[in-house]
Structure formats: C-alpha cells, structure tokens
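Numbering (my numbering), first residue to last: 142 to 430.
Rendered as structure tokens:
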C-alpha cells in the first residue's frame, strides 16, 4: 500500500483516495436517483438515526446504543422494503447500460451470428403519426431497437402484426378498446398494444400530462425511443433516457427515428424536462415597464 501523506495520526494511501472517490460517486448517484421523490426524506431520516447511533456509541451510552443498534439491525430489512421501487429502478439503469443487456450481443457471443440491423421501413409509422396529429388523437408508441420488451408487452394484448398506418390509426382511435395504453414496436412489427408503462416519479412540468409522464418513465427504465402524440395539441414529441424533444416536425421525427434504429447516438439532441418548466416561467414573467 503506497503511502501518500499523513493527517495527524491518519495515513492516507492511493487506495484510500480511490475508496473515498468511489463512495462519493455512489452517494451522489443515490441522491440523483432519490431526488424529487418522498424517498429522499426517508433516506435522510435513516441517515440521521445512523449518525445518532454512531455518536451515542462513541459516548458509550449503553442503553441507547442497544436500542438504536436493534433498530439499525431491523432497519436494513425495512430499508429494502421501503426503497424497493428505487432499488428496482437502480438495477434497471445498471442493466440497460450493460453490454450484456443487448440481446443481439448474446446471440453473437453464443451462436457467432452476424449482427443484423434493426432498421425497418418507418414510412407507415410517420404517416400514422401525421394522421393522429391532424385529428388530435392521443398516441403512445414505444420503439425498441434491442429488445422485444416482453415484460411490458405481456401487460397488454399481444398482436405481433406488421407495422402499417391503418393498424396504428385503428389502435389509437378513441373508440378502439386498444387505445388506452402504449403500442410496442420492434423489428418492424407491433408486438403489443394497450401496454402499461412505468410512470416517472420526477417532477414534470404541468404542460405534460400522464401520457408524457409514462413516456419519460419508460425511457428511464429502458433503452427505447418513445413517441408521443398529444391529445390536446396534436404536437409530436420523443422521449429517451428520461429526456424529451417536444413539438417536432415530421421531418425531424423521421430523422430521429432513423438515427436511433441505425445505432446513431442521439442522446445529446434531447433536452432535460426541467428546461420546459423554465421556458414556461419566462413566458409568464411580466416585463418591466
């Protein structure tokens, strides 16, 4: 162990620096994951009790130390139960960013198959979006490049039908029994309709409704591109990695979907949802005389 320097009686080595850095990064990521939710207050409560436990242990308050020690022992199990959604979300984030999550990679590794492009003819998708937007018909479509999303597909009705304008318009027609939910599109097929998507727990600007919240939540949990057609305005938006691009033209929509399907990195083109709240505040702020 290479010694760098001493602070009083403490000996600081390279391993200690790396250890502190990794713990700091981990705590920051936990804070980002919990920020904006009720769970952050619960986490701070647990942290406060743990600090009190360390303090009374150092002061040798035996009775209080025993009580808090028992609480901390049970507290680990209680924390797992309370933070189950956050833990699941954290594991989903790790899983989707891992190269092992790519089904094509596993096929190539196990069967030595040449990777096939997942791009398909998106004209029916664009034409359906135009039709739905023109009639202010709300729609939610999940476009996946690497996975069939079986977990989410099984929450709805399995179709496994070729993508077509008529099919998509029929699904999202307000009189259709399939319109309430999302359609999952993979490899040129509508795998399922009326699917239930996870809703984001972050604060979302009021201009975005439940359909947008579900799109953002799905993009946070999976490596997908989610297309939203607003029922109120007819505007078309895309969501990816918890970010959103609002009020796109159909040419921009075509380019973004094509880039995503062909593996082009489009993450930098998306904007944090908080920017829309700030832009709205600027519009309603009265100008000085």
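C-beta atoms are modelled at their ideal positions from N, C-alpha and C, and glycine is treated no differently. Note that this is a predicted model, so its numbers are computed, not measured.
Can you tell me where the beta strand (DSSP E) with residue 381 in it begins and where it stops?
Stepping through the chain shown from its first residue, residue 381 is reached at position 240. Start and end: 377-381.
Quickly, what does DSSP pair residue 327 with across the bridge? List them, please.
As a position in the chain shown, residue 327 is number 186, starting the count at 1. Answer is 285 and 330, bridged to residue 327.
Alpha carbon to alpha carbon, what distance is there between residue 163 and residue 198?
By 1-based counting over the chain shown, the position of residue 198 is 57. By 1-based counting over the chain shown, the position of residue 163 is 22. Each residue's alpha carbon lies about 27 Å from the other.
Under the three-state DSSP convention, the category residue 348 falls into
Numbered from 1 along the chain shown, position 207 holds the residue referred to as residue 348. It is coil, neither helix nor strand.
Our contact map puts residue 346 next to residue 384 with C-beta atoms below 8 Å; I'd like the distance itself, whole angstroms only.
Position 205 of the chain shown, counting from 1, holds the residue named residue 346. Position 243 of the chain shown, counting from 1, holds the residue named residue 384. That belief does not hold up - the Cβ atoms of residue 346 and residue 384 are roughly 13 Å apart, past 8 Å.
Could you check what DSSP says for residue 221 in three-state terms: helix, strand or coil?
Counted from its first residue, the chain shown places residue 221 at position 80. If DSSP states are grouped into helix, strand and coil, residue 221 belongs with the helices.
Can you find the residues in the same chain that come closer than 8 Å, C-beta to C-beta, to residue 261, ignoring five residues on each side of it along the sequence?
In the chain shown, counting from the first residue as 1, residue 261 sits at position 120. Its chain contains 304, 328, 329 and 402 as the residues whose beta carbon lies nearer than 8 Å to that of residue 261, once the 5 sequence neighbours on both sides are disregarded; these appear in chain order.
Three-state class that DSSP yields for residue 414 in the structure shown:
Along the chain shown, read from residue 1 onward, the residue named residue 414 stands at position 273. Coil.
For the candidate residues 300, 307, 341 and 359, whose alpha-carbon lies nearest to that of residue 335?
Translated into positions along the chain shown, residue 335 becomes position 194. Measuring from the Cα of residue 335, the nearest candidate turns out to be 300.
Coil, strand or helix - residue 385 by DSSP:
Reading the chain shown from its first residue, position 244 is the one you call residue 385. Residue 385: strand per DSSP, three-state reduction.
State whether the region 269-283 contacts the region 361-375, with contact taken as three or more CB pairs (one from each stretch) at a distance under 8 Å.
Flag = yes, the region 269-283 and the region 361-375 touch.
Spatial distance of residue 411 from residue 287 (CA atoms)
Numbered from 1 along the chain shown, position 270 holds the residue referred to as residue 411. Numbered from 1 along the chain shown, position 146 holds the residue referred to as residue 287. Whole-angstrom Cα-Cα distance: 20 Å.
State the Cα-Cα distance for the pair residue 399 and residue 171, rounded to the nearest angstrom.
Along the chain shown, one-based indexing puts residue 399 at 258. Along the chain shown, one-based indexing puts residue 171 at 30. Using only the alpha carbons, I get a separation of about 34 Å.
Quick check: the region 348-364 against the region 263-272, are there 3 or more CB pairs under 8 Å?
no
Using the C-alpha atoms, what's the distance from residue 364 back to residue 294?
To locate residue 294, count along the chain shown from 1; it is residue 153. To locate residue 364, count along the chain shown from 1; it is residue 223. Each residue's Cα considered, the two are about 15 Å apart.
Bridge partners of residue 367, per DSSP?
Within the chain shown, numbered from 1, the residue matching residue 367 stands at position 226. 283 and 380.
Per the DSSP calculation, residue 298 is bridged to which residue(s)?
Your numbering for residue 298 matches position 157 in the chain shown. Bridge partners of residue 298: 334.
Exposed or buried, which one is residue 318 when buried takes at least 16 other CB atoms within 10 Å?
Here residue 318 is taken as the residue at index 177 of the chain shown, counted from 1. Residue 318 comes out exposed.
Can you tell me where the alpha helix (DSSP H) with residue 275 in it begins and where it stops?
Residue numbering aside, residue 275 sits at position 134 when the chain shown is read from its first letter. Counting along the chain, the alpha helix (DSSP H) containing residue 275 begins and ends at 264-275.
Under 8 Å, do residue 312 and residue 395 count as touching if we go by C-beta distance?
The count along the chain shown starts at 1 and reaches residue 312 at position 171. The count along the chain shown starts at 1 and reaches residue 395 at position 254. In this structure, residue 395 does not lie closer than 8 Å to residue 312 by Cβ.
For residue 303, write down the residues that DSSP places opposite it in a beta bridge.
Your numbering for residue 303 matches position 162 in the chain shown. Bridge partners of residue 303: 330.
Assuming the contact rule is C-beta atoms closer than 8 Å, residue 339 and residue 323 should be a hit. Round their C-beta distance to whole Å, please.
Position 198 of the chain shown, counting from 1, holds the residue named residue 339. Position 182 of the chain shown, counting from 1, holds the residue named residue 323. Incorrect: roughly 11 Å between the Cβ atoms, too far for contact.
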